[in-house]
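K.L.:
Residue numbers (my numbering): 138 to 266.
Backbone N, C-alpha and C define an ideal beta-carbon position, used for all residues, glycine too.
Please read these numbers as outputs of a predicted model, since none were measured by experiment.
Please see the structure below; I have some questions.
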């Protein structure tokens with residue numbers, strides 16, 4: 138069975154992700170579904186309890202699936218790990234987004250700086266589907 142998904146790497150409770158990233162997907166969920174997206178997935182370097190609390194706070198649990206990359210190994214394997222120790226955050230993930238069609242990455246976007254929100258929002262993915 139073919140599945141299409143939009144996946145993203147976000148930072149729980151960070152300003153950019155809480156104020157821009159998650160809302161961009163939550164507010165565009167109907168447009169994503171209309172383009173055939175079966176699931177919108179967030180993968181963050183956090184534990185599942187933090188992600189559950191964050192998803193509840195943003196009222197996004199019905200639109201987005203939240204998965205924890207507890208030790209960052211998923212992001213490290215994709216060369217998406219970033220050291221944010223100077224900001225007291227430790228090792229985290231770059232902000233990124235991907236359009237995956239039947240297990241194949243069709244579009245992949247990585248922000249250049251931790252504070253950027255230029256290429257990883259839902260609007261960009263919608264144009265790439």
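#1: Pick out the complete alpha helix (DSSP H) segments inside the segment 165 to 216, 4 residues or longer, and give them in chain order.
#2: Between 220, 222, 211 and 226, which has its C-alpha nearest residue 145's C-alpha?
#3: Taking only the alpha-carbon atoms, compute the straight-line gap between residue 265 and residue 236 and give it to the nearest angstrom.
#4: Quick one: residues in its chain with C-beta nearer than 8 Å to the C-beta of residue 158, no 5 flanking neighbours on either side, listed in chain order?
#5: In this structure, how does DSSP classify residue 249 when only helix, strand and coil are distinguished?
#6: With a Cβ-Cβ cutoff of 8 Å, do residue 202 and residue 178 count as a contact?
#7: Would the segment 237 to 245 count as touching the segment 194 to 209 if we require 3 or more Cβ pairs under 8 Å?
#8: Just mark residue 223 as buried or exposed, buried being the case when its beta carbon has 16 or more other beta carbons within 10 Å.
#9: Hey, would you say residue 242 sits closer than 8 Å to residue 200, going by beta carbons?
#10: Checking the sheet assignment: what are the DSSP bridge partners for residue 146?
#11: Grab the span of the alpha helix (DSSP H) containing residue 264 for me, first residue to last.
#12: What number of angstroms, rounded off, separates the C-alpha of residue 252 from the C-alpha of residue 140?
#13: Taking its Cβ as the centre, do 16 or more other Cβ atoms sit within 10 Å of residue 186, making it buried, or is it exposed?
P.N.:
Taking the structure as given:
#1: 166 to 171, 185 to 194 and 210 to 214
#2: 211
#3: 8 Å
#4: 145, 147, 232, 254, 257 and 258
#5: coil
#6: yes
#7: no
#8: exposed
#9: no
#10: 180 and 233
#11: 259 to 265
#12: 31 Å
#13: exposed
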